[in-house]
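Start counting the sequence shown at 1; every next residue gets the next number (full-length UniProt numbering).
Have a look at the structure below before the remarks.
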Amino acid sequence: MKYGVPSRKKEECTACNFDYQERTVLVLETTLLKSFYAWTTTRTIYHVSSFQDFVQRHREYKKMIMLNYPPLHKELYTMDAAKFFVPSFLKAINDNTEESFRSIMTESSPGVYTFEMLQPHFCELLLSEVDNFERWVHETKFRIMRPNTMNNYGAVLDDFGLETMLDKLMEDFICPISGVFFPEVGGSTLDSHHGFVVEYGMDRDVELGFHVDDSEVTLNVCLGEQFGGGDLFFRGVRCDKHVHSGTQSEEIFDYSHVPGRAVLHRGRHRHGARATTSGQRVNLLLWCRSSVFRELKKYKKEFSSWCGECQREKKERQRIAVGATKLELFKRLQKSTS
Ligand SMILES: [Zn+2]
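Structure (structure tokens):
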């Protein structure tokens, strides 16, 4: 079982290669504090020892890109809902009711929702922007940070200017839905994200092992292009304690990607990607996090209502308790009648 936690050698880390001399005194900003909190489990990628170190290095890394990378499609960098989303998705969000969300969503397996989301033209533009960014990275020999250790290809969209647009996507379009379907994991209080694309194919990453995401809620949208294979497979939601436990038959679910169609699930829903056997597949991932949920989770030691195994154990304990009570009553009844 792999977690979405990267670990890289120091010499491979772009942040480590920045000029340390140029550091200035840090000012703690609320947004960065939130971001740091969200990144604490993934900070090994930056080889940082403190919050200050992290903030400074990541800021310099992003600044380097922002100053030098020329965007190809500027229209992607500002949220334009009518151009980005399909009408059915937009209408459901505007109506903003559980009924309207359910009308566009398919819950093929408990906790896995799929729905039509992105316009083909938006997918094309984003694919082309990522392509352009990677070409720029190659030409300028800029050493980029990959989204996580599990992927050798792909790019972090937040790092080259798409952070504001993706923030809007999370706040205005994902949070209303996750507040209804995933309230128990902080679905209504999402406040930071990690947005990236992953690329699969013969000359890219081929598959992705079984893992859980460092997110409360994950949005996974296929952007294209032509491909064979690459199914997503799900194996039940688990808390930290039960992440390696077995799978119940009703938790097994496989999903075939369709360009433009989104999958929304809890980050703790164990999943993986099967091999992309032909062509190339690119997916947009948005790991949405809630600092409120993470803070509350620290104080919660026992049962997690959202964990399949915790629920199973609870039911088993109840079954045993009910059995014992019945047996006790039966014994008393026998005594009184004899
Ligand atoms: Zn559990």
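Glycine included, each C-beta is placed from N, C-alpha and C at the ideal position.
By the neighbour-count criterion, in which a residue is buried when 16 or more other Cβ atoms sit within 10 angstroms of its Cβ, residue 330 is exposed. The residue from 93, 231, 97 and 52 with its alpha-carbon nearest to that of residue 169 is 93.
Inter-residue distance for residue 245 and residue 308 is about 10 Å (C-alpha atoms, whole angstroms). Here DSSP, grouped into helix, strand and coil, assigns residue 136 to helix. In the DSSP assignment, residue 102 falls within the alpha helix (DSSP H) that extends over 98-104.
Burial check for residue 303: the Cβ neighbour count within 10 Å stays below 16, so the residue is exposed. In terms of Cβ geometry, residue 197 and residue 130 form a close pair [threshold 9 Å]. Under the three-state reduction of DSSP output, residue 279 falls in the strand class. Between residue 257 and residue 218, the C-beta spacing is not below 9 Å. The residue among 177, 89, 142 and 79 with its C-alpha nearest the C-alpha of residue 69 is 142. Contact between the region 246-255 and the region 171-189 is absent: fewer than 3 CB-CB pairs across the two stretches fall below 8 Å. Residue 223 and residue 324 have their C-alpha atoms roughly 55 Å apart.
Nearest to residue 83 by alpha-carbon distance, out of 121, 173, 65 and 50, is 121. When secondary structure is reduced to three states using DSSP, residue 123 falls in the helix class.
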